[in-house]
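Engineer:
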Amino acid sequence: MCTAATYKTKNHYFGRNLDYDFSYGETVTITPRNYPFRFRRMGEIPVHYALIGMAFIQQDYPLYYDATNEMGLSMAGLNFPGNADYKPEDPEKDNITPFEFIPWILGQCATVDEAREKLARLSLLNENFTPQLPLSPLHWMISDRNESIVVESVKDGLKIYDNPVGIMTNNPTFDFHLTNLVNYMGISREDPKSRFSDQIQFVPYGRGMGSIGLPGDLSSASRFVKAAFTRLNSFSGESESESISQFFHILASVAQQKGCCQTAQGFEYTIYSSCCNTDKGIYYYTTYENSQITGVDMHREDLDGRNLVSYPLIEGQQILMQN
Ligand SMILES: C[C@H](CCC(=O)NCCS(=O)(=O)O)[C@H]1CC[C@H]2[C@@H]3CC[C@@H]4C[C@H](O)CC[C@]4(C)[C@H]3C[C@H](O)[C@]12C
13 MCTAATYKTK
23 NHYFGRNLDY
33 DFSYGETVTI
43 TPRNYPFRFR
53 RMGEIPVHYA
63 LIGMAFIQQD
73 YPLYYDATNE
83 MGLSMAGLNF
93 PGNADYKPED
103 PEKDNITPFE
113 FIPWILGQCA
123 TVDEAREKLA
133 RLSLLNENFT
143 PQLPLSPLHW
153 MISDRNESIV
163 VESVKDGLKI
173 YDNPVGIMTN
183 NPTFDFHLTN
193 LVNYMGISRE
203 DPKSRFSDQI
213 QFVPYGRGMG
223 SIGLPGDLSS
233 ASRFVKAAFT
243 RLNSFSGESE
253 SESISQFFHI
263 LASVAQQKGC
273 CQTAQGFEYT
283 IYSSCCNTDK
293 GIYYYTTYEN
303 SQITGVDMHR
313 EDLDGRNLVS
323 YPLIEGQQIL
333 MQN
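Per this note's numbering, the sequence shown starts with residue 13, numbered consecutively.
1. So is Asn107 buried or exposed if we call it buried at 16+ other beta carbons inside 10 Å?
2. With which residues is Gly55 paired in a DSSP beta bridge?
3. Which one of Glu301, Ser155, Thr109 has the shortest CA to CA distance from Val124?
4. In its own chain, which residues sit with a C-beta less than 7 Å from the C-beta of Asn302, not counting the 5 before and 5 after it?
5. For Gln144, count the other beta carbons within 10 Å of its own beta carbon; 16 or more makes it buried, fewer makes it exposed. Which is it?
6. Return helix, strand or coil for Asn29, following the three-state DSSP convention.
7. If contacts are defined as beta-carbon pairs under 8 Å, then Lys238 and Gly222 qualify, I think. What distance do you get, rounded to the angstrom?
8. How is Ala233 classed by DSSP in three states: helix, strand or coil?
9. Examine ligand 1 and report whether any of its heavy atoms sits within less than 6 Å of the Cβ of Ser35.
10. Compare the C-alpha of His24 against each of Gly37, Asn335, Tyr295, Tyr284 and name the closest.
11. Would you kindly report the start and end of the unbroken beta strand (DSSP E) that includes Pro324?
12. Is Cys272 buried or exposed, if buried means 16 or more other CB atoms sit within 10 Å of its CB?
13. Is it true that the segment 110 to 128 meets the segment 181 to 190, where meeting means three or more beta-carbon pairs spaced less than 8 Å apart?
14. Less than 7 Å between the C-beta atoms of Leu75 and Pro110, yes or no?
15. For the beta strand (DSSP E) that contains Lys20, what are its first and last residues?
16. Tell me whether Gly84 sits in a helix, a strand or coil according to DSSP, three-state version.
17. Once DSSP output is grouped into helix, strand and coil, what is the label at Ser223?
18. Report the residue from Leu118, Asp102, Pro324 whose alpha carbon sits nearest the alpha carbon of Leu63.
19. Looking at C-alpha atoms only, which residue of Phe68, Ile69, Gln70, Thr43 is the closest neighbour of Ile57?
20. Measure how close the beta-carbons of Arg45 and Tyr61 come, nearest whole angstrom, since I'm counting them as under 8 Å.
21. Could you round the C-beta distance between Met66 and Glu38 to whole angstroms and report it? I think they count as a contact, below 8 Å.
22. On the three-state DSSP scale, how would you describe Ser251?
23. Can you tell me which residues form a DSSP beta bridge with Trp152?
24. Does DSSP classify Val177 as helix, strand or coil?
25. Whole angstroms are fine: how far does the CA of Trp152 sit from the CA of Tyr73?
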């Protein structure tokens, strides 16, 4: 399970929880402008926007899970098993494999509108990275500082949804989550006003009762609702510290603690949480065992370089002893 989110104060922020039962050994990865992006069917793009994000590097290729480019356009891939359907080569379309999708869009587009133009010609090609690394069933959120969309390649073709909520999780398809949200329209940040019946008087006995009914379970549908409520009601100062604190609290509202969700291989847990200041190109993260926020600033690297820059995650608690 995963959850992605956007947030805006003075700056714009984009990030996600990566929930899974094992880690591939991903690192914070910067792709500079002159690293040649080679596409399976679309040739080479020798010069492009620089990217920062979380990636698993294989054969000197950045397999991005989520990333932001130097123009502030961001994208995250989330699990979409059973619904993701990738296509054979289509001679009429730009054929891009799912693992090339983030480089293709973020390498060339500055805004969601520009991404929409690319998407109109796009087909997600059913071709593995290697036999050992087959395609993952994913769907994606793409955001700039003004809007978000969701891209789903399903049996029926490529679907693009506007995402007015700024949140994304996993299955089922995105339209379900928007409809499901309506079931929770009675929930409020304010004290509830009883509409139960005019024959009985109710007085709230404590705070937070306006949000009774907000789901707290770990399912994808419930995480969508919980994160949407938290994000849409979020209130914070404009400073970097207040903004990223609030962002990590939004993600924490749907984080997964080891032990609560069993899988075939172990337990699903929040491997990392990320928050990118998309205006400044700073990628912040925490890991399951490192609650200290660590940051990597793309502009401190040579963005005109040719080689990937990779920062291994700092894991394990960084405890500040006060005495
Ligand atoms: C597992 C993660 C999704 C977590 C999630 O949503 N868990 C919910 C489970 S559930 O839905 O609740 O059951 C996803 C998110 C991004 C993915 C990588 C994207 C690049 C690359 C693409 C290649 O093609 C295959 C390997 C590759 C490294 C991918 C591995 C893996 O697939 C990653 C990490």
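Backbone N, C-alpha and C fix where the C-beta goes; we use that ideal spot for every residue, glycine too.
Structural biologist: This is what the structure holds:
1. buried
2. Phe51
3. Ser155
4. Ile326, Glu327, Gly328, Gln329, Gln330
5. exposed
6. strand
7. Between Gly222 and Lys238 the Cβ distance is about 14 Å, and since that is not below 8 Å, they are no contact.
8. helix
9. no
10. Tyr295
11. 321 to 324
12. exposed
13. no
14. no
15. 14 to 20
16. coil
17. helix
18. Leu118
19. Thr43
20. 7 Å
21. 5 Å
22. coil
23. Gly89, Val163
24. coil
25. 20 Å
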